[in-house]
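Chemist:
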Amino acid sequence: MRFSRAMRAGVVVTALALAVTACGGSNNSSTGGNTGTTSGAAGAGSALVAKAKTGKLTIGIKFDQPGLGLKTPDGKYTGFDVEVGKYVAKQLGVEESGITWKEAQSAERENLIKKGEVDMIIATYSITDKRKNDVSFAGPYFVAHQDLLVRADNTDITGPESLNNNKKLCSVKGSTPAQNVKDKYAKGVQLQEFGKYSDCLTPLTNGSLDAMTTDDIILAGYAAQQAGKLKLVGKGFSDEKYGIGLKKDDKEAQAAINKAIQQMQSSGEWKKALESTVGPSGYKIPDPPAITEL
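The numbers in my numbering rise by one with no breaks, and the one at position 127 of the sequence shown is 875.
(1) Any idea if R753 is buried or exposed, counting beta-carbon neighbours within 10 angstroms, 16 or more meaning buried?
(2) Output the boundary residues of the alpha helix (DSSP H) element that contains R857.
(3) Taking its Cβ as the centre, do 16 or more other Cβ atoms sit within 10 Å of P908, making it buried, or is it exposed?
(4) Per DSSP, which one or two residues make a beta bridge with W1018?
(5) Is the beta carbon of I1033 closer than 8 Å to that of E1023?
(6) Going by beta-carbon coordinates alone, are D958 and A892 separated by less than 8 Å?
(7) Count the other CB atoms within 10 Å of the CB of G982; is the residue buried (16 or more) or exposed (fewer)?
(8) Quick one: residues in its chain with C-beta nearer than 7 Å to the C-beta of E1017, no 5 flanking neighbours on either side, listed in chain order?
(9) I'd like the span of the alpha helix (DSSP H) that includes E909, first residue to last.
(10) Can you find at least 3 beta carbon pairs, one from the segment 900-914 and one from the segment 930-941, that sit closer than 8 Å?
(11) Hey, would you say D882 sits closer than 8 Å to I807, going by beta carbons?
(12) On the DSSP bridge assignment, give the partners of F985 in chain order.
(13) When the Cα atoms are used, what is the spatial distance from I992 to C948?
(14) So, does the segment 968-981 touch the segment 889-904, judging by three or more C-beta pairs under 8 Å?
(15) Check for me: the beta strand (DSSP E) holding T950 runs from which residue to which?
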């Protein structure tokens, strides 16, 4: 009888162990692990797509870039990136009233995505191989070119090759333009990096700095804002493909957003958004780019 009870106890223990193991396996499967066939990051488990179904999204933008991403004194948000965000959100089922706009400074963008503080970032975010180690992109939705902004009376800075003789140049920490200058034009130039592009404007206009560098479309907005004081050199020296930053490997969200971008382009809303936001600066509206992040 004792032997029979022991056997029955062993069967119970074994069954419990198998049940625990099965539950553990189920949990591991739901998180996706590191298999690359995840349900948590991609496919049916896209957190962004799931959240969009609730009618809410948090989108990271710049707050200090006129014509692109600007938070106005009365708390409104304007610019081409904002218009792209509203259009994409609408295609995902989210009305403008369901969008929370969050500031995404250049050096913080990857962390904001990885920590889940934003669902996507549309903030003049250049697609680079280095960044794709940490996040994924949809797009590009625009292609800009690095350029220089100088005082309106400046005649000696005509392009990046003239940034020698200890010229004082301003850009932003964590931005590709700053890195590009370091890599290609740092010899003979004094590069100063600030937190925001808007931080460069006062020292540029008062003569403490000689030039400011970032993408031409960004500089065009500042030139329009400082009419008569600043001018765009107009000699682009890079291609900056703006993408919509997403959680790494979220293929379902990437596909849905790419579809929304293509729809915005083909409907004419893409061009209309550019004309109403950066068009007044005199910036020449280009053709829309082809989607490459698939």
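We treat Cβ as the ideally placed atom computed from N, Cα and C, and that holds for glycine.
Modeler: Taking the structure as given:
(1) Annotation note: pLDDT 44 at R753 (below 50); position unreliable, no value reported.
(2) 857-862
(3) buried
(4) Paired residues: none, contrary to the question.
(5) yes
(6) no
(7) exposed
(8) Y835
(9) Element bounds for E909: n/a, residue is neither H nor E.
(10) yes
(11) no
(12) Paired residue(s): none; F985 is not in a bridge.
(13) 25 Å
(14) yes
(15) Unbroken run through T950 is the alpha helix (DSSP H), 949-953; no beta strand (DSSP E).
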